[in-house]
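Taking it in order: structure first as structure tokens, then the write-up.
Number of protein chains: 2
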Amino acid sequence: MNTLIKWEKGLEFKAKGESGFWVPMGPNPIEGKREAVAATPMELLLMSVGGCTAMDVAYILQKKRIEFEDFWVEMGSEKADTHPKVYTSIHMKFVFVGKGLLMKDMEQAVNLSADKYCSAGIMVGKSARITREIEIREK
Amino acid sequence: MNTLIKWEKGLEFKAKGESGFWVPMGPNPIEGKREAVAATPMELLLMSVGGCTAMDVAYILQKKRIEFEDFWVEMGSEKADTHPKVYTSIHMKFVFVGKGLLMKDMEQAVNLSADKYCSAGIMVGKSARITREIEIREK
Numbered sequence: 002m003n004t005l006i007k008w009e010k011g012l013e014f015k016a017k018g019e020s021g022f023w024v025p026m027g028p029n030p031i032e033g034k035r036e037a038v039a040a041t042p043m044e045l046l047l048m049s050v051g052g053c054t055a056m057d058v059a060y061i062l063q064k065k066r067i068e069f070e071d072f073w074v075e076m077g078s079e080k081a082d083t084h085p086k087v088y089t090s091i092h093m094k095f096v097f098v099g100k101g102l103l104m105k106d107m108e109q110a111v112n113l114s115a116d117k118y119c120s121a122g123i124m125v126g127k128s129a130r131i132t133r134e135i136e137i138r139e140k
Numbered sequence: 002m003n004t005l006i007k008w009e010k011g012l013e014f015k016a017k018g019e020s021g022f023w024v025p026m027g028p029n030p031i032e033g034k035r036e037a038v039a040a041t042p043m044e045l046l047l048m049s050v051g052g053c054t055a056m057d058v059a060y061i062l063q064k065k066r067i068e069f070e071d072f073w074v075e076m077g078s079e080k081a082d083t084h085p086k087v088y089t090s091i092h093m094k095f096v097f098v099g100k101g102l103l104m105k106d107m108e109q110a111v112n113l114s115a116d117k118y119c120s121a122g123i124m125v126g127k128s129a130r131i132t133r134e135i136e137i138r139e140k
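So, in structure tokens, the structure goes:
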């Protein structure tokens with residue numbers, strides 16, 4: 002066993018992976034009259050795709066000694082209307098803030114992650130069309 | 002935009018989805034000499050698959066007024082040896098604790114989630130072979 006999904010109450014769960022950190026999960030607050038109590042499993046799926054590629058990109062840039070002042074990924078997604086409500090498309094906008102950052106370096110890092118390293122993105126990309134764009138902001 | 006992946010420092014990020022809860026993410030503690038600081042993106046992917054189906058199952062059982070005293074899912078997984086290190090297989094063991102629980106009810110709920118409702122599982126199932134087993138424990 003490397004991951005445990007533990008029932009808490011109602012539709013609330015917590016999950017623990019190999020690294021030992023508990024992550025709370027709750028049901029979708031939109032589909033019922035429920036208030037959100039934690040991130041939903043489908044939110045975690047998007048986070049895994051975005052986090053995986055963001056971490057790759059940060060790693061590649063750090064290895065190349067390219068320094069950014071800030072960095073984030075804005076993600077949008079669309080789901081199927083009927084069950085199973087899989088993601089049909091995911092868009093990721095990579096925003097880098099810093100001085101003298103070159104688009105070709107950012108593109109190379111993003112593409113290397115997308116094509117080779119980001120396992121979560123490559124898995125989810127079998128179902129959803131994933132698109133990417135890059136923005137560089139001089140601070 | 003419905004999900005934000007925000008760089009914190011080094012290879013640490015935090016992510017926020019539609020429900021507004023921040024989830025910290027950290028790099029794999031095994032592959033380097035790093036200590037774990039948070040769940041990794043690939044851990045979140047497994048959690049999304051397990052949490053999605055666990056939540057479906059709890060929902061279906063609650064709708065049918067089938068009461069369990071405890072419930073968890075133990076997950077095992079295998080990854081490819083080379084990049085991209087996608088999950089190649091995922092095993093889920095559903096453990097229900099309670100009095101008078103019937104295997105056919107549990108199987109029906111687990112199968113309904115697997116076949117129809119669990120979007121995360123259906124997406125990840127395009128890459129990884131997902132297997133399931135059920136155990137019922139009288140308390």
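Read top to bottom, the protein sequences are chains C and W.
The first sequence runs contiguously to residue 140 in the numbering used here.
The second sequence runs contiguously to residue 140 in the numbering used here.
In this text, a Cβ means the ideal position worked out from N, Cα and C, and glycines have one as well.
| Taking any Cβ of chain C, which residues in the stretch 15-34 of chain W have a Cβ under 7 Å from it, in chain order? | Here the close residues are A16, G18, E19, S20, G21, F22, V24, M26, P28, P30.
| query | Expressed to the nearest angstrom, what Euclidean distance is found between the alpha-carbon atoms of E108 of chain W and V96 of chain W? | reply | Take the alpha-carbon of E108 of chain W and the one of V96 of chain W: they are about 12 Å apart.
| request: Write down the C-beta distance between E39 of chain C and P25 of chain C rounded to the nearest angstrom, noting that I regard them as a contact closer than 8 Å. | output: One detail in the question is off: residue 39 of chain C reads as Ala in this sequence, not Glu. Your pair A39 of chain C and P25 of chain C checks out as a contact, with CB atoms roughly 4 Å apart and the cut at 8 Å.
| message | Please state the DSSP three-state secondary structure of I123 of chain C. | response | helix
| request: Using a Cβ-Cβ cut-off of less than 7 Å, list which residues of the stretch 59-77 of chain W approach chain C; keep chain order. | output: A59, Y60, D71, F72, W73, V74, E75, M76, G77
| request: Mind checking the stretch 104-118 of chain W against chain C and listing, in chain order, the residues whose C-beta falls within less than 9 Å of any C-beta there? | output: Cβ contacts with chain C: D116, K117, Y118.
| query | V87 of chain C: which of W:K7, W:N29, W:R66, W:V50 sits nearest, CA to CA? | reply | W:V50
| To the nearest angstrom, how far is it from the Cα of M124 of chain W to the Cα of E9 of chain C? | 26 Å
| said: Would K140 of chain W and G99 of chain W qualify as a contact pair, given that the criterion is a beta-carbon distance under 8 Å? | reply: yes
| Own chain partners of E136 of chain C with C-beta closer than 8 Å, once the 5 adjacent residues on each side are dropped | K94, F95, V96, F97
| query | Relative to the C-alpha of L12 of chain C, which residue among W:D106, W:L12, W:F69 is closest? | reply | W:F69
| request: Determine the burial state of D57 of chain W: buried for a count of at least 16 other Cβ atoms within 10 Å of its Cβ, exposed for fewer. | output: buried
| In terms of DSSP beta bridges, what is L5 of chain C paired with? | DSSP, once it has assigned bridges, lists C:K17, W:E75 as partnering L5 of chain C.
| query | With DSSP run on the structure shown, which of helix, strand or coil describes E108 of chain W? | reply | helix
| The alpha helix (DSSP H) enclosing S90 of chain C, as first and last residue numbers | Run containing S90 of chain C: none in the alpha helix (DSSP H); it sits in the beta strand (DSSP E), 88-98.
| request: Report yes or no: is there a C-beta of chain W within less than 8 Å of the C-beta of L102 of chain C? | output: By this cut-off, L102 of chain C is not an interface position.
| field | Beta-carbon proximity check, F14 of chain C vs G21 of chain W, cutoff 8 Å | value | Cβ atoms of F14 of chain C and G21 of chain W: not closer than 8 Å.
| query | By Cβ distance, which residues of its chain are closer than 6 Å to I91 of chain W, with the 5 residues on each side in sequence left out? | reply | S78, A129, I131
| query | Within 8 Å (strictly less), CB to CB, does G52 of chain W reach chain C? | reply | yes
| request: Starting from K127 of chain W, find everything on chain C with Cβ-Cβ shorter than 8 Å and list it in chain order. | output: M124, K127, S128
| Can you check whether the CB of T54 of chain W is closer than 8 Å to the CB of M48 of chain C? | no
| query | For the alpha helix (DSSP H) that P42 of chain C lies in, which residues bound it at each end? | reply | Per DSSP, P42 of chain C belongs to the alpha helix (DSSP H) from 42-64.
| Start and end residues, beta strand (DSSP E) containing T83 of chain C | Looking at the DSSP string, T83 of chain C is not in any beta strand (DSSP E), and its letter there is neither H nor E.
| message | Quick check: V74 of chain W and I61 of chain C, are their CB atoms within less than 8 Å of each other? | response | no
| message | Please classify G27 of chain W as buried or exposed, where buried requires at least 16 other C-beta atoms within 10 Å of its C-beta. | response | buried
| query | Which chain B residues sit within Cβ distance under 9 Å of E44 of chain W? | reply | No chain B appears in this structure, whose protein chains are C and W.
| query | Whose C-beta lies closer than 6 Å to the C-beta of I67 of chain W among residues of the same chain, with five residues either side of it excluded? | reply | D106
| Applying a beta-carbon distance threshold of less than 7 Å, which residues of chain W neighbour K140 of chain C? | Going along chain W, no residue has its Cβ under 7 Å from K140 of chain C, so there is no contact; the nearest lies around 14 Å.
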